[in-house]
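**Student:**
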Amino acid sequence: MLSSLLIVDKRRVFWLLQFAGWFGWGSTHYLGTLIWSRPLELYPAYLSIAAVIHC
0 MLSSLLIVDK RRVFWLLQFA GWFGWGSTHY LGTLIWSRPL ELYPAYLSIA
50 AVIHC
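Residues 0 to 54 in numbering that gives the first Met the number 0 are what the sequence shown lists, from first letter to last.
1. Check the C-beta distance from G31 over to Y45 and give it rounded, since I have them as a contact under 8 Å.
2. Please name the residue, chosen from L15, G20, R10 and D8, that lies closest to S47 on a Cα-to-Cα basis.
3. Suppose you measure from the CA of L16 to the CA of K9; what does that come to, to the nearest Å?
4. What residue does the alpha helix (DSSP H) around R10 start on, and which one ends it?
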């Protein structure tokens with residue numbers, strides 16, 4: 000039921016995907032900083048690895 004409501008309204012889908020993407024980016028950045036005690040120098044590589052693991 001919920002998925003049918005989201006698919007009908009493309010603006011909701013767009014903003015849901017935007018929110019999910021930025022939330023994923025923020026959470027992986029936070030976890031990386033928490034684990035290594037500083038922001039990563041090669042953050043794009045870390046983000047790619049985290050995205051593959053998450054899938």
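C-beta atoms are modelled at their ideal positions from N, C-alpha and C, and glycine is treated no differently.
**Tutor:** According to the data block:
1. For the purposes of this step, residue 31 is identified with residue 32 of the sequence shown, where counting begins at 1. For the purposes of this step, residue 45 is identified with residue 46 of the sequence shown, where counting begins at 1. Contact holds; Cβ gap of about 5 Å.
2. In the sequence shown, residue 47 corresponds to position 48, counting from 1. Among L15, G20, R10 and D8, the Cα nearest to that of S47 belongs to G20.
3. Taking the first residue of the sequence shown as 1, we reach residue 16 at position 17. Taking the first residue of the sequence shown as 1, we reach residue 9 at position 10. Rounded to whole angstroms, L16 to K9 spans 11 Å at the Cα level.
4. The residue you call residue 10 lines up with position 11 of the sequence shown. Start and end: K9 to W35.
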